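A short write-up of the structure that comes next.
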Amino acid sequence: MNLDELIRECQQYNAQAQEQIYRLFSSKLFAVCLKYSRNQAEAEDHLQDGFLLIFEKIGQFQFNGSFEGWMKRVMINNILQQYRKLTSLDVYLQEDVADEDLEIDNDDIPMDYLLKIIQELPHRYRMVFNLYVIDGYSHKEIAEMLQITTGTSKSNLARARILLKEKIIAYKAKKFPSAL
Amino acid sequence: MKDKKHIDRLFQEKFRDFEMTPPESSWRGIQERLPKSSKKRRPLPLWWSLGGVAASLLLGTLWWKIAHPLPTDGNLQPNATENPGWVQNPEIDPQTIDSQNSSATDKTSITNTTSSGNSQIVSSETVTTPQASVGVPSNFKVEKSIVSSETSNRSLKSKSSETIRINTTNSQGTTSSLFKKRNEDWANGTQTRTKSNSVLNQNQVEDPAESSNESSAFNTLNTLSAQDFQALVHTNLDRIGTMQLPIPYPMGEILHEKEEPLKASKEQKINRWQVHSYLAPIYLSSAGNGSPLDVSLAQNKKEAVPTYSYGVGVEYSINNRWSLRSGINALNTEYRTKDVSFSQVTSVVGLSHLESNSAGSMIQIESMESPVLMAASNVNAMAAEKLYGEISQRSSFIEIPLELSYKIWDGRLGLKAIGGFSTLLLRDDNVALISGGTQVTIGTADNINKTQWTSNLGLGLSYRLIKDFEFKIEPMFKYQWNAYRNSGNFKPYFFGLYTGLNYQF
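Order-wise, the sequence lines are chains A and B.
Numbered per this note's numbering, the first sequence spans residues -14 to 165.
Numbered per this note's numbering, the second sequence spans residues 70 to 574.
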C-alpha cells in the first residue's frame, strides 16, 4: 500500500494501517520528542500523546503537503501545549549577544551529549532553540506560538546559544584538556 | 587553529538526520489508548449523509438561538440543551480551581478535587487579557482546563470522558463556566467542531446521549480555531453581562499555515459516489454459425455492423477496492446475413422466424449458400426474377448493467477489473432486406426475447484529469445468453469499448 492509501485507511480507523504509520514514522517523531522534552521518559509520553492526536486528527489531513510535516507539527504543537504551563516558572533574561561569540571549534562532539544539553535547557529556551535553529520557524511565528514577543524570542534564543556554548566548552575542557 | 563553526550550524548538522527508535512499550501504550473501532464503519448512503448534515444544522441553529437569550441579571440560567455533546460534570466545583488571582501572568494549576474522588484537572492555563487589546478591563481571566473524569496510573488523559472547561472570571469575581466533552458526529463521517455551546447551571446535571459514545474527536484547545475560541469566550462573557473579549489564539493557525492555510472546519470527504457518461463503439459477433431467422440461412455468412452504445452510469464505492456500478444505456445491434437472394412472388414461404409485414409477405427469400431450396418451394418462385442482397436484423435495447469492479491499481492512472451482468430490454427490432443500396423492411423477428441477459467481463482504465474528474476507457466483453429462442447455433456476443468521463463526489 502506498502512503496515501495508508492514510486513507487510518482515516477509517483501520488498526493495521495505524500501526504501519507508526512503524514508518515513529523514529523520526521520537527524535522530535527527544529534542523538545527534558528526558527520555517525557519524550516517550509525548510520543504517545502525539500519535494519539495524530490518529484522531488524521481525517483533517487533506493530502496537500507533506504528511510527515503535518505529523511533526501536531507533535510539536502538543508538546508546546504541555510545556506552556511550566514556562512561567523560569526566569528569562533579556540581552543581546553578538554573533561572533557563538562560534566554537569544529570538533566532533557526540550527538548524545548535544541532545543532553538541549534537554537541560530551561523550557522556553529549549523550545525557542529547537523551533528556530532546528525546525526553521521564524521569530514571528515562534512569538505567536508561544505567545511571547519577538524580542523575547530573540533574546531567549541568544541566551540558549550562550548556555549551550558554555556547556560545550566545559565539556571539551574535560575531554581534551591538552587542546586548550 | 581549528576552523570554527557557528553553534547553530553545529546543531543543525548533527540533528539533520537524527532518528531514534522508541521502545516497543510506546506502541503498546498507544495501541491500548486508541479507540477501538469495534463497530465497523459502514459507509452510509448519500441521503443519510445529507439528512444528517441538514438535521445537525437545524439543531445547531435552534440550539444556538435557545442558548443565547439576552443577559439578565448575571444569574446563570439553566438552559435546555439539545446538543448532547455538552455535558456538565457536577463533581467539579469551580472554587477548587485557583482562579482568583488577578495578576496578568500565566499560571499553572494542577489540582485534585478530593471531594469528587475521581476527577482531576489535567492541565489548565489562565490567560488574562493583554493590556493591548480593546479597552477591556485587564483583569479578565479566562481559564481553560482539560478535565479528565477518570484516572489512570500512567497518564491522566486516558479515557473518552475528557472535558474542556472554560471559566471566565470578571473583575467582580463572578465566574461562569462552559464545559465541553469530546464529541464526534459518526453519522456523516465528519469530525464536527460544534461552535454552538451552552451554559449550564452548576447544579443541573445533563445526561448526554453520547456520554457512552466511543472516544473520538477531541477539540483540543490548541486546535480550536480563533473564531471558535472567541465564540466560546463571548458566550461566557455574555453570561456574566460584560463586554466582549477578543483573545487571539493563533498557535494552531501558525503551525498550519507553515505549509498550508488553515481551514476553519474540515470535513472528512469520502468520495463514495461516481457518475459517468460514456459512449462506446460496439463490435458484435457470434459464437456459432446458426441463424436466428431460419435454419436455411445457417450456412450464410453473418456480419455484424459496428454500432454505438451510449448511456450514463453510477458507481458506489463499498470500500477502497470494490465498487458496485449500474446505469442505463441505449444499445443497438445489427446483424447482416449475407448472400441471400430474393424474389417477389405471390405465395411466399417465409422464413421461420420472420413475421412479415405487408411488403415482406410478398418476398421470397432464399439462401444462396444452401443448395437445397426450402421445402415446398413454389414453382413460381423459380421463374421470377431473383435479386441478390443481404438481410439486416436490427434490434435496439435498453441495457441496465449491474457490475462489480475491483481496483487493481489506484493512482493517477487506474486499472480495475469489472464483472457482472446486464439486463437487456428490447425496444424494437426489425428485419430488412438490403440490396443495391436500397433497404426494405420486411418485418420483425418473432423469436427475440424481450428480456435478455448478458454476462459482462472487462477491464477499466482510468486517468485522473483534475480533482474529481476521470477519463475512462473500459473494454468490456458481454455475452448474450438468451437473445433468441430457437436460434440454432447463433450465440451472439459483443465487445464494447466504453469511453467516457467520470465524476466523483
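All C-beta atoms in this analysis are idealised placements derived from N, C-alpha and C, irrespective of residue type, glycine included.
Keep in mind it's a predicted model, so treat the numbers as computed, not measured.
(request) Reducing DSSP to helix, strand and coil, say where Y122(A) ends up. (result) Coil.
(message) Just to make sure I have the definition right: I need the residues of chain A whose C-beta is within less than 8 Å of the C-beta of E88(B). Which are they?
(response) Within chain A, the C-beta atoms nearer than 8 Å to that of E88(B) come from S12, K13, F15 and A16, in chain order.
(request) Inspect the beta-carbon positions of L32(A) and C18(A) and report whether they are closer than 8 Å. (result) Annotated as proximal: L32(A) and C18(A), with beta-carbon spacing under 8 Å.
(request) Using three-state DSSP, classify Y318(B) as helix, strand or coil. (result) Per-residue confidence for Y318(B) stands at a pLDDT of 49, beneath the threshold of 50, marking its modelled position as unreliable; the derived number appears in the next sentence. Here Y318(B) sits in coil by DSSP.
(request) Measure the C-alpha to C-alpha separation of R554(B) and L420(B) and round it to an integer number of angstroms. (result) In a straight line, the C-alpha of R554(B) is about 15 Å away from that of L420(B).
(message) Can you check which of these residues, D408(B), I542(B), S392(B) and A552(B), is closest to L493(B) by C-alpha distance?
(response) Among D408(B), I542(B), S392(B) and A552(B), the Cα nearest to that of L493(B) is on A552(B).
(message) With a threshold of 6 Å on Cβ separation, who are the neighbours of W55(A) within its own chain once the five nearest residues in sequence on each side are excluded?
(response) Answer for W55(A): F46, listed in chain order.
(request) Please name the residue, chosen from A26(A), L149(A), F15(A) and Y156(A), that lies closest to R58(A) on a Cα-to-Cα basis. (result) For R58(A), the nearest C-alpha among the options comes from F15(A).
(message) Do S461(B) and I517(B) count as a contact pair if the criterion is CB distance below 8 Å?
(response) With contacts defined by Cβ atoms closer than 8 Å, I517(B) and S461(B) do not form a contacting pair.
(request) Kindly confirm or deny that the stretch 100 to 119 of chain A and the stretch 132 to 151 of chain A touch, where touching means at least three C-beta pairs closer than 8 Å. (result) Yes, since at least three Cβ pairs between the stretch 100 to 119 of chain A and the stretch 132 to 151 of chain A fall closer than 8 Å, the two stretches touch.
(request) Mind checking which residues open and close the alpha helix (DSSP H) that includes G98(B)? (result) Boundaries of the alpha helix (DSSP H) harbouring G98(B): E93 to R102, taken from the DSSP string.
(request) Could you name the residues of the stretch 112 to 132 of chain A whose beta carbon sits closer than 7 Å to any beta carbon of chain B, in the order they occur along the chain? (result) Listed in chain order, the positions of the stretch 112 to 132 of chain A with a beta carbon within less than 7 Å of a beta carbon of chain B are V118, I119, E126, E129 and M130.
(message) Assuming A28(A) is part of the alpha helix (DSSP H), what are its boundary residues?
(response) Here the alpha helix (DSSP H) through A28(A) covers Q25 to K42.
(message) Here's the rule: buried if 16 or more other CB atoms are within 10 angstroms of the residue's CB, otherwise exposed. What is E93(B)?
(response) Exposed is the call here.
(message) Taking the beta carbon of D363(B) as the centre, do at least 16 other beta carbons fall within 10 Å, making it buried, or is it exposed?
(response) Burial call: buried.
(message) Counting only C-beta atoms, is K20(A) closer than 8 Å to chain B at any point?
(response) For K20(A), the closest Cβ of chain B is nearer than 8 Å.
(request) With a floor of 4 residues, list each alpha helix (DSSP H) that falls wholly inside the stretch 428 to 516 of chain B, ordered by position along the chain. (result) Complete alpha helix (DSSP H) runs here, min 4: 448 to 452.
(message) I want to verify the contact list: residues of chain B whose CB lies under 9 Å from the CB of I89(A), in sequence order.
(response) Among the residues of chain B, those whose CB is under 9 Å from the CB of I89(A) are K73, K74, H75, I76 and L79, following chain order.
(message) Just checking: is the beta-carbon of Q573(B) within a distance shorter than 8 Å of some beta-carbon in chain A?
(response) No, Q573(B) does not count as interfacial toward chain A.
(message) Let's test the definition: count the other Cβ atoms within 10 Å of the Cβ of M60(A) and tell me whether it reaches 16, buried, or not, exposed.
(response) So M60(A) counts as buried.
(request) Return no unless some Cβ of chain A is closer than 8 Å to the Cβ of W96(B). (result) Closer than 8 Å: yes.
(request) Measure the Cβ-Cβ separation of F80(B) and L87(A) and say whether it is below 8 Å. (result) The answer is no: Cβ separation not under 8 Å.
(request) Would you kindly check if the distance between the Cβ of H345(B) and the Cβ of E403(B) is under 8 Å? (result) Not in contact: E403(B) and H345(B) (Cβ atoms no closer than 8 Å).
(request) Hey, could you find the ends of the alpha helix (DSSP H) R109(A) is sitting in? (result) Taken as a continuous stretch (DSSP letters only), the alpha helix (DSSP H) holding R109(A) covers H108 to F114.
(request) Determine the direct distance from the alpha carbon of F466(B) to that of P544(B), and round the result to whole angstroms. (result) Distance between the alpha carbons of P544(B) and F466(B) is about 20 Å.
(message) Run through chain A and tell me which residues come within less than 7 Å of K83(B), C-beta to C-beta.
(response) By Cβ distance, chain A contributes M96 and L99.
(request) Compare the C-beta of N558(B) against all C-beta atoms of chain A and say whether one is closer than 8 Å. (result) No, because no Cβ of chain A sits closer than 8 Å to the Cβ of N558(B).
(message) For a cutoff of 8 Å on Cβ pairs, would you count R23(A) as touching chain B?
(response) In terms of beta-carbon proximity, R23(A) stays away from the interface with chain B, with every pair separated by 8 Å or more.
(message) For L530(B) and V381(B), what's the separation of their Cα atoms in angstroms?
(response) When rounded, the distance between both Cα atoms is 17 Å.
(request) Quick one: which residues of the stretch 36 to 63 of chain A get their C-beta closer than 9 Å to a C-beta of chain B? List them in chain order. (result) Answer set for the stretch 36 to 63 of chain A: F36, L37, L38, F40, E41, K42, G44, Q45, F46, Q47, N49, G50, S51, G54, W55, R58, V59, I61, N62 and N63.
(message) Check for me: the alpha helix (DSSP H) holding L87(A) runs from which residue to which?
(response) Here L87(A) belongs to no alpha helix (DSSP H), and DSSP marks it neither H nor E.
(request) Following the continuous beta strand (DSSP E) through Q1(A), name the residue where it begins and the one where it ends. (result) Q1(A): not part of any beta strand (DSSP E); member of the alpha helix (DSSP H) spanning A0 to Y21, first to last residue.
(message) To the nearest angstrom, how far is the alpha carbon of K335(B) from that of S51(A)?
(response) Low local confidence applies: a pLDDT of 44 at K335(B) is under 50, so the model's placement there is unreliable, with the coordinate-based value given in what follows. Between K335(B) and S51(A), the C-alpha separation is close to 17 Å.
(message) Let's test the definition: count the other Cβ atoms within 10 Å of the Cβ of R97(B) and tell me whether it reaches 16, buried, or not, exposed.
(response) R97(B) comes out exposed.
(message) Suppose you measure from the CA of W132(B) to the CA of I535(B); what does that come to, to the nearest Å?
(response) A direct Cα-to-Cα measurement between W132(B) and I535(B) gives close to 40 Å.
(message) If I follow the unbroken alpha helix (DSSP H) through G136(A), where does it start and stop?
(response) Per DSSP, G136(A) belongs to the alpha helix (DSSP H) from T135 to K160.
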